[in-house]
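Enquirer:
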Amino acid sequence: MSNTPTPHIGAKLGEIAETVIMAGDPLRVKLMAERFLENPVQFNNVRGMLGFTGTYKGKRVSVMGHGMGIPSIGIYTYELYNFYDVKTIIRVGSIGSYHADIPLGSLIVAMGACTDSNYGMQYETPGTFAPIADFSLVREAVEACEKFGYNYRVGNVLSSDIFYSENPHSDKWINMGVLGVEMEAAALYMNAARGGKRALVICTVSDNLITHEATTAEERQNTFTRMMDVAFSLV
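For any residue, its number in this note's numbering is found by taking its place in the sequence shown, counting from 1, and adding 1044.
1) With 16 as the cutoff for other CB atoms within 10 Å, does serine 1180 come out buried or exposed?
2) Starting from phenylalanine 1087, trace the alpha helix (DSSP H) both ways and give me its first and last residue.
3) For the alpha helix (DSSP H) that contains serine 1277, what are its first and last residues?
4) When the Cα of tyrosine 1194 is compared with those of Asp1273, Leu1094 and Val1073, which residue comes out closest?
5) For the structure I just gave you, are there three or more beta carbon pairs, one from the region 1079-1091 and one from the region 1103-1110, closer than 8 Å?
6) Looking only at its chain, what residues have a beta carbon closer than 7 Å to the beta carbon of glycine 1199, apart from the 5 residues adjacent to it on each side?
7) Let me know if glutamate 1190 comes out buried or exposed under the rule of 16 or more other beta-carbons within 10 Å of its beta-carbon.
8) Excluding five sequence neighbours on each side, which residues of the same chain lie with their C-beta closer than 8 Å to the C-beta of glutamine 1265?
9) Please determine, among Asn1211, Ala1157 and Tyr1122, the residue with the shortest C-alpha to C-alpha distance to proline 1051.
10) In chain order, what residues of the same chain have a beta carbon less than 6 Å from the beta carbon of threonine 1063, not counting five sequence neighbours either side?
11) With contact counted as at least three CB pairs below 8 Å, one residue from each stretch, are the region 1171-1180 and the region 1235-1245 in contact?
12) Looking at the unbroken alpha helix (DSSP H) that takes in arginine 1242, where does it start and where does it end?
13) In terms of residues, what are the limits of the beta strand (DSSP E) holding isoleucine 1060?
14) Who are serine 1203's beta bridge partners in DSSP?
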């Protein structure tokens, strides 16, 4: 039997820490490794999905990409939880704000994740499962935001399967108090729930769907570091 457990992650057993901080963009992962990790060692480059393990303030931690959308993060986080014995996954990423009073650069701590995806159908629950974050991580993230003095909101987000939607229906989600839209949190939270693991999503507002303000791709790649400060404080 191969000591590389999955076809999507090239790491051997023991090369990935129990806590993994993930981002959709592999270049953002490279930035985290360079900015936060001491002695980072690359453990994955399969499909260009970079992964590194190092230490942060003496604690072993890994960073890895997860790609875009629920199918992609669903695969990577399932494998990390179930084949590499990862205990905690924290996603840092971008989100579109549904409210004019949540400006660009604000942090959103996703306490729960609505979704228009069918990902949860596999569990055959006799109703709608509500994917939520680990409460201890939410509490620690809020405390970190307060300590750093970062502008933040805590609440529900939408994990959508569709980026270019013919019928976005954003007003329906706004009416239910949803703070913004991204594409991954629900699958991460479902995988964590099914595996008895911990998960949290912390996002930076990259664009505002009400005011139509937006950041550039370069800004999203290189300047969204406040959510990383919070994520690494939870290690």
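Glycine included, every Cβ here is placed at the ideal spot set by N, Cα and C.
Expert: To lay it out plainly:
1) Classification of serine 1180: exposed, given that the 10 Å Cβ count is below 16.
2) Element bounds for phenylalanine 1087: not the alpha helix (DSSP H) but the beta strand (DSSP E), 1082-1088.
3) First-last of the alpha helix (DSSP H) with serine 1277: 1270-1277.
4) Out of Asp1273, Leu1094 and Val1073, Asp1273 has the C-alpha closest to the C-alpha of tyrosine 1194.
5) Contact between the region 1079-1091 and the region 1103-1110 is present, because at least three Cβ pairs lie under 8 Å.
6) Residues Met1155, Gly1221 and Leu1223 of the same chain have their beta carbon placed closer than 7 Å to that of glycine 1199, with the five preceding and five following residues left out of the count.
7) By the C-beta density criterion, glutamate 1190 is exposed, having fewer than 16 other C-beta atoms within 10 angstroms.
8) The beta carbon of glutamine 1265 lies closer than 8 Å to those of Asp1069, Leu1071, Arg1072 and Leu1075 in the same chain, with the five residues before and after it left out.
9) The shortest C-alpha to C-alpha distance from proline 1051 to any of Asn1211, Ala1157 and Tyr1122 is the one to Tyr1122.
10) Setting aside the 5 residues that flank it on each side, threonine 1063 is surrounded in the same chain by Val1105, Thr1132 and Val1279, each with a C-beta closer than 6 Å to its C-beta; the list follows chain order.
11) These segments touch.
12) Premise fails: arginine 1242 lies in the beta strand (DSSP E), 1242-1252, not in any alpha helix (DSSP H).
13) No beta strand (DSSP E) contains isoleucine 1060, which DSSP labels as neither H nor E.
14) Thr1159 and Glu1226.
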